[in-house]
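For reference, the structure is listed below as structure tokens.
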Amino acid sequence: MTALLFLFGILSDAEETSQNSKLEFSEDEETLITRMFNLVGERWSLIAGRIPGRTAEEIEKYWTSRYSTSE
């Protein structure tokens, strides 16, 4: 979807870059996500509420890209 928005000029270079870089998580964030996931499961909104500046969608995307078992 982001690629389509960028293609049609709806999304700027800066917006695309900021969306991609948001998936970089600090070691503290990764530890907190793992601990929270072990406590509450896939309750992404609850986990995101503990990490300032992160959305539930970012947390879920991070988790599934990092720990997906579909290989």
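In case it helps, mature numbering (1 follows the signal peptide of the UniProt record, and there is no 0) puts the sequence shown at residues -16 to -1, 1 to 55. For every residue, glycine included, the Cβ atom is placed at its ideal position computed from N, Cα and C.
From residue i to residue j, what does the alpha carbon distance come to, in whole angstroms?
i             : j             : result
isoleucine 20 : threonine 53  : Note on residue identity: the sequence assigns methionine, not isoleucine, to residue 20. Roughly 19 angstroms separates the two Cα atoms.
leucine 30    : lysine 45     : 15 angstroms
glutamate 8   : leucine 23    : 23 angstroms
glutamate 41  : tryptophan 28 : 7 angstroms
glutamate 43  : alanine 32    : In the sequence on display, residue 43 carries isoleucine and not glutamate. Their Cα atoms are separated by approximately 7 angstroms.
proline 36    : leucine 16    : 12 angstroms
tryptophan 47 : aspartate 12  : 14 angstroms
I'd like the span of the alpha helix (DSSP H) that includes residue i, first residue to last.
i            : result
leucine 16   : 11 to 24
leucine 30   : 28 to 32
glutamate 44 : 40 to 51
When burial is assigned at 16 or more other CB atoms within 10 Å of the CB, is residue i buried or exposed?
i           : result
arginine 50 : exposed
alanine -3  : Its pLDDT being 48, under 50, alanine -3 is placed unreliably by the model, and the measurement read from it follows with that caveat. Result: exposed.
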